[in-house]
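S.K.: Quick one: the structure is below, questions incoming.
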Amino acid sequence: MEITTTDLGLAARVQHLGKTYGSGEGEVRALDDVSVGIRRGQFTAIMGPSGSGKSTLMHIMAGLDAPTTGRAWIGDTEITGLNDLELTVLRRRRVGFIFQAFNLVPTLDAIGNILLPFELDGRQPSAIERARIDGLIEALGLGTRLRHRPHELSGGQQQRVAIARALATAPDLVFADEPTGNLDSATGREVLQLLATASREHGQSIAMVTHDPIAASHADRVLFLGDGHLVADHPRRSAEEISAYMLAAELAS
Ligand SMILES: Nc1ncnc2c1ncn2[C@@H]1O[C@H](COP(=O)(O)OP(=O)(O)OP(=O)(O)O)[C@@H](O)[C@H]1O
Ligand SMILES: [Mg+2]
1 MEITTTDLGL AARVQHLGKT YGSGEGEVRA LDDVSVGIRR GQFTAIMGPS GSGKSTLMHI
61 MAGLDAPTTG RAWIGDTEIT GLNDLELTVL RRRRVGFIFQ AFNLVPTLDA IGNILLPFEL
121 DGRQPSAIER ARIDGLIEAL GLGTRLRHRP HELSGGQQQR VAIARALATA PDLVFADEPT
181 GNLDSATGRE VLQLLATASR EHGQSIAMVT HDPIAASHAD RVLFLGDGHL VADHPRRSAE
241 EISAYMLAAE LAS
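All residue numbers for the sequence shown refer to the UniProt record's numbering, where the first residue is 1 and numbers rise by one.
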């Protein structure tokens, strides 16, 4: 019998993943034989220099992009075998994303963007979900901006709307690409606490790309990519230990 992703205690995993962009002289090998799992209920940070393949890995794990070689699973569903419609439904039900570019819908106001996952699923939030959304809006300080459209919001406010949207449905799996990148340190801490709480208290599995050792020190586990390879897999570390490792391994960017 084949061992499944769930048997391994994983929320998602990839095996022998490769991703190549372009061909000939312009060929870029963004990922080269990466095998890794995101553990269920854990908060995992993904670090590494600019261009090391972090976003590419997250996009493939989340089913937003297809690998050149290798396989990927969300839970026990192999996503490298799914068609577009199946992938879209799986993502909508199980996965939340916070992108580097926030991907807000420009014609919708902040609350419209936050409620978009429900809209796309053709349903209204339940009372419990409504309470969760109100809690997110409060924690992220968005209460006075709900009727503003993205172009009327600052970069950090747009980012917070994207975070609220990603967490609104309490998805099993949340992928966040530098979610604290544009935030002041107090708001950044609030976001990290939201992500840590999502894993610790609600059992959600979180994978977060960050360049910031302080942000990564909130995670249960820190993965390091270098040049398309997985180069280290550490349990929780202090920000100082993470910085020291990055300097020693020349992974600072
Ligand atoms: N669509 C694309 N076409 C061609 N090359 C790409 C494409 N997307 C990414 N790459 C290349 O793949 C490599 C990995 O890119 P990726 O975006 O995953 O890096 P990253 O680790 O997320 O970097 P950063 O920290 O700057 O966001 C880079 O060399 C990049 O130039
Ligand atoms: Mg990136």
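Backbone N, C-alpha and C define an ideal beta-carbon position, used for all residues, glycine too. As the structure is a prediction and not an experimental result, all values here were calculated from the model.
#1: For Ile-98, which of Ala-207, Ala-30 and Gly-37 has the nearest alpha-carbon?
#2: Checking the sheet assignment: what are the DSSP bridge partners for Phe-43?
#3: Which residues in the same chain as Gln-42 place their Cβ atom closer than 7 Å to its Cβ, once the five residues preceding and following it in sequence are excluded?
#4: Which residues in the same chain as Leu-140 place their Cβ atom closer than 6 Å to its Cβ, once the five residues preceding and following it in sequence are excluded?
#5: Helix or strand or just coil, what does DSSP make of His-59?
#6: To which residues does DSSP link Ala-232 through a beta bridge?
#7: For Ile-128 and chain C, any beta-carbon pair shorter than 8 Å?
#8: What are the partner residues of Ile-38, as DSSP defines its beta bridges?
#9: Would the beta-carbon of Val-14 fall within 8 Å of that of Ala-62?
#10: Using the C-alpha atoms, what's the distance from His-148 back to Gly-70?
#11: Return the CA-CA distance between Asp-177 and Ala-166, expressed in angstroms with no decimal places.
#12: Using only Cβ atoms and a threshold of 6 Å, which residues come within that distance of a heavy atom of ligand 1? Order them by chain position.
#13: Taking just the CA atoms, how far does Pro-213 sit from Ala-244?
#14: So does Val-209 have its beta carbon nearer than 7 Å to some heavy atom of ligand 2?
#15: For the stretch 49-59 against the stretch 226-235, are there 3 or more C-beta pairs whose distance is under 8 Å?
#16: Going by Cα to Cα distance, which pick from Pro-49, His-16, Arg-29 and Pro-117 is closest to Ser-35?
#17: Any chance you could list the alpha helix (DSSP H) runs of at least 4 consecutive residues sitting entirely within the stretch 88-122, in chain order?
#18: Could you name the residues of the same chain whose beta carbon sits closer than 6 Å to that of Ala-239, not counting the 5 residues immediately before and after it, in chain order?
#19: Spatial neighbours of Ala-45 within its chain, please: CB distance less than 6 Å, with the 5 preceding and 5 following residues excluded, ordered by chain position.
#20: Please list the terminal residues of the continuous beta strand (DSSP E) segment that includes Ile-3.
M.R.: Inspection of the coordinates gives the following:
#1: In the sequence shown, counting from the first residue as 1, residue 98 sits at position 98. Considering only alpha carbons, the answer is Ala-207.
#2: Position 43 of the sequence shown, counting from 1, holds the residue named residue 43. For Phe-43, DSSP records a beta bridge to Ile-206.
#3: Sequence index remark: in the sequence shown, residue 42 carries index 42 (1-based). Cβ within range, chain order: Ser-199, Ser-205, Asp-220 and Arg-221.
#4: Locating residue 140 in the sequence shown gives position 140, where the first residue counts as 1. Cβ within range, chain order: Arg-160 and Ala-164.
#5: Position 59 of the sequence shown holds residue 59. Judged by DSSP in its simplified three-state form, His-59 adopts helix.
#6: What you label residue 232 is simply residue 232 of the sequence shown in a count that begins at 1. BP columns for Ala-232 point to Phe-224.
#7: Looking for chain C here will not work: only one protein chain is present.
#8: Working through the sequence shown from its first residue, we reach residue 38 at position 38. Beta-bridge pairing links Ile-38 to Ala-12.
#9: Taking the first residue of the sequence shown as position 1, residue 14 is located at position 14. Taking the first residue of the sequence shown as position 1, residue 62 is located at position 62. Contact: no.
#10: In the sequence shown, residue 70 corresponds to position 70, counting from 1. In the sequence shown, residue 148 corresponds to position 148, counting from 1. If you draw a straight line from the Cα of Gly-70 to the Cα of His-148, it comes to about 43 Å.
#11: The residue given as residue 177 occupies position 177 in the sequence shown. The residue given as residue 166 occupies position 166 in the sequence shown. One C-alpha to the other measures close to 12 Å.
#12: Ordered along the chain, the selected set is Tyr-21, Gly-22, Val-28, Ala-30, Gly-48, Ser-50, Gly-51, Ser-52, Gly-53, Lys-54, Ser-55 and Thr-56.
#13: For the purposes of this step, residue 244 is taken as residue 244 along the sequence shown, with counting starting at 1. For the purposes of this step, residue 213 is taken as residue 213 along the sequence shown, with counting starting at 1. So the alpha carbons of these two residues sit roughly 10 Å apart.
#14: Along the sequence shown, one-based indexing puts residue 209 at 209. Taking non-hydrogen atoms of ligand 2 into account, the C-beta of Val-209 is found less than 7 Å away from one of them.
#15: Touching, yes, given that three or more Cβ pairs across the two stretches are closer than 8 Å.
#16: Locating residue 35 in the sequence shown gives position 35, counting from the first residue. The option with the nearest alpha carbon to Ser-35 is His-16.
#17: 110-114 and 116-120, all fully within the stretch 88-122.
#18: Taking the sequence shown and counting its residues from 1, the one referred to as residue 239 is at position 239. Result list for Ala-239: Pro-213, Ile-214 and Ser-217, in chain order.
#19: Here the question's residue 45 lines up with position 45 in the sequence shown. Around Ala-45: Met-208, Thr-210, Ala-216, Ala-219 and Val-222.
#20: Locating residue 3 in the sequence shown gives position 3, where the first residue counts as 1. For Ile-3, there is no enclosing beta strand (DSSP E), since its DSSP letter is neither H nor E.
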